[in-house]
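Residue numbers for the sequence shown follow this note's numbering, so the first one is 116 and each next one is one higher.
Heads up, the beta-carbon is just placed ideally off N, CA and C, and yes, glycines get one too.
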Amino acid sequence: MTSEEIRMPGWPAPRGFVYGRVCRGRALHLAGLIGSDDRGAVVPGGLVPQFGRALDNVISVVRAAGGAPEDVASMTIYVTDIAAYRAAVKALGAEWRARLGKHFVATALVAVSGLVDHGAEVEIQATAYLAGEP
């Protein structure tokens, strides 16, 4: 993917996300992915390990389509407990950096009352732009 981060003069510097990203390539729209293992079971341990596994699942789909983690351009992250998210923000950042380094994307965080899969605390929907023609 060819992309360019959009910086906003006079706005606060984003931490862990970007305000916008202009991309060129084939659009890959991912379904909402939870922190589940290869059998579809929600991983134990709560928000942090589920977030890491959900990121792994996003990256797996991107790779299956011929892309790389750096091709992810945006994410909407749904969490069932915003207070738990705030309390774990440093650990969540470590999960991010372990997989995506300093590749930050346009991100929205949404608190929801629940997710379809019992025990799921986080779900990530993403868009990636892959190199090449459709």
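In the DSSP assignment, E119 falls within the unbroken beta strand (DSSP E) covering T117 to I121. Note on I192: 16 or more other CB atoms within 10 angstroms of its CB, so buried under the neighbour-count rule. Boundaries of the alpha helix (DSSP H) harbouring R201: I197 to A202, taken from the DSSP string. Counted as a single uninterrupted DSSP element, the alpha helix (DSSP H) harbouring S175 occupies residues L162 to A179.
As a beta-bridge residue in DSSP terms, E238 pairs with I149 and Y193. As DSSP reads the structure, L224 sits in a beta bridge with I192. Rounded to whole angstroms, the gap between the alpha carbons of T222 and D196 is 17 Å. Distance between V204 and A146, taken at the CA atoms: about 24 Å.
Annotation for S151: V157 place their beta carbon closer than 6 Å to its own, counting only its chain and skipping 5 residues before and after.
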